[in-house]
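Trainee:
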Amino acid sequence: MLPDLDRLIRLQRLDNTASDAQRVVDAIPSRIDALDSQLAAGTKALDDAKRRLDTKRAERADVEKMLAAVQTRLSRFREQLMAVKTNKEYTAVQHEIATAEAQVQGHEDNILEHMLDLDDLTLAVKAANDALAASKVEIEKTKAALLRERAELEQTLGRTSAERDVLLATIGAAAQALFARIAKQRNGIAVVEARDGLCSLCNVRLRPQVFNHILLNTELIQCDSCNRLLYHDPDAKTAPTPPVEAS
Ligand SMILES: [Zn+2]
70 MLPDLDRLIR LQRLDNTASD AQRVVDAIPS RIDALDSQLA AGTKALDDAK RRLDTKRAER
130 ADVEKMLAAV QTRLSRFREQ LMAVKTNKEY TAVQHEIATA EAQVQGHEDN ILEHMLDLDD
190 LTLAVKAAND ALAASKVEIE KTKAALLRER AELEQTLGRT SAERDVLLAT IGAAAQALFA
250 RIAKQRNGIA VVEARDGLCS LCNVRLRPQV FNHILLNTEL IQCDSCNRLL YHDPDAKTAP
310 TPPVEAS
């Protein structure tokens with residue numbers, strides 16, 4: 070194989086490794102943000118559940134106050150009943166007592182309903198609290214793993230960069246310049262395999278005499294369509310031969 074071609078293939082592999090690593094590193098902050106949002110959502114769910122519980126408790130306290138007021142009124146009416154002089158007064162106080170008793174019943178029913186609701190809301194607070202605690206543990210673990218992954222990838226980036234410098238020093242100036250120009254135009258990918266008569270990246274069908282030259286790996290040959298440098302990998306598994314179309 071042409072030595073520069075061999076080195077450019079290795080250079081491209083290093084660049085691919087580095088760009089894959091860089092892509093993952095670049096995505097880590099947004100993955101951490103997503104975990105923080107998940108945590109914030111759990112905290113909000115707990116706060117909401119606590120607020121609903123507090124509201125319900127305050128409502129029950131209000132009903133208890135109203136109940137106490139009606140009970141005070143009821144005792145006063147019962148005392149008045151002892152002191153009434155006329156039938157008319159008696160009937161009027163009896164009527165007040167009946168009204169107050171109905172109110173007591175209403176408030177007591179209301180308090181019972183509130184107690185059932187309070188049980189549900191207390192359970193909901195506990196569930197939200199447990200869920201938050203579990204998700205905190207999970208999120209911390211995931212974050213730690215992401216930070217470890219980032220540290221490893223940064224090592225990979227440092228290593229590939231050092232290897233790249235060493236390799237680059239061995240490549241001829243013209244080949245280096247060609248690689249750099251194509252990489253710049255083609256999103257960092259300057260060298261690709263030609264396989265089954267096709268450029269493996271842009272999939273254009275290569276002219277047979279061009280492909281035959283590529284098979285030799287003795288020249289720097291560019292794809293007519295995407296301009297990338299093409300090489301042949303004798304160890305690559307070829308795809309099954311597509312059926313020949315009738316013409
Ligand atoms: Zn191509």
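The number in this note's numbering is simply the position in the sequence shown, starting from 1, with 69 added. From the three backbone atoms N, C-alpha and C, an ideal C-beta is built for every residue, glycine too.
(1) Indicate, with yes or no, if ligand 1 has a heavy atom lying under 7 angstroms from the CB of L298.
(2) Three or more beta-carbon pairs under 8 angstroms between the region 222-236 and the region 131-145, yes or no?
(3) Going by the C-beta, is V260 closer than 7 angstroms to any heavy atom of ligand 1?
(4) Could you tell me the distance, in whole angstroms, from the CA atom of A169 to the CA atom of M184?
(5) Classify L80: buried if its beta carbon has 16 or more other beta carbons within 10 angstroms, exposed otherwise.
(6) Are there any heavy atoms of ligand 1 lying less than 7 angstroms away from the beta-carbon of V93, as far as the coordinates show?
(7) Need the endpoints of the beta strand (DSSP E) that R264 sits in, please.
(8) Entirely within the region 223-279 and at least 3 residues each: give me those beta strand (DSSP E) ranges in chain order.
(9) May I ask whether a heavy atom of ligand 1 can be found less than 7 angstroms away from the beta carbon of L77?
(10) If we count the other Cβ atoms within 10 Å of its Cβ and call it buried at 16 or more, is Y300 buried or exposed?
(11) Taking 8 angstroms as the cut-off, does the region 194-203 touch the region 115-128 (at least 3 CB pairs, one atom from each stretch)?
(12) For L298, which of helix, strand or coil comes out of DSSP?
(13) Taking only heavy atoms of ligand 1 into account, decide whether any of them is closer than 7 angstroms to the Cβ of L270.
(14) With a threshold of 7 angstroms, establish whether the CB of V279 neighbours any heavy atom of ligand 1.
(15) Taking 8 angstroms as the cut-off, does the region 101-112 touch the region 232-250 (at least 3 CB pairs, one atom from each stretch)?
(16) Under 7 angstroms from any heavy atom of ligand 1, does the C-beta of S294 make it?
(17) Between T225 and chain D, is there a C-beta pair that is closer than 8 angstroms?
(18) Per DSSP, what are the beta-bridge partners of Q291 in this structure?
(19) Would you identify the three-state DSSP class for T155, choosing helix, strand or coil?
(20) How many Å lie between R219 and A127 at the Cα?
(21) Please state whether the Cβ-Cβ distance between F146 and E165 is less than 8 angstroms.
Mentor: Considering the structure as presented:
(1) no
(2) Contact between the region 222-236 and the region 131-145 is absent: fewer than 3 CB-CB pairs across the two stretches fall below 8 angstroms.
(3) no
(4) 22 angstroms
(5) Residue environment: L80 is assigned as buried (16 or more neighbouring CB atoms within 10 Å of its CB, all protein chains considered).
(6) no
(7) V260 to R264
(8) 260-264
(9) no
(10) buried
(11) yes
(12) strand
(13) With a cutoff of 7 angstroms, L270 counts as near ligand 1, since its C-beta is closer than that to a heavy atom of the ligand.
(14) no
(15) no
(16) yes
(17) Among the protein chains of the structure shown there is no chain D, as only one such chain exists.
(18) L298
(19) coil
(20) 50 angstroms
(21) Yes, these two residues count as a Cβ contact at 8 angstroms.
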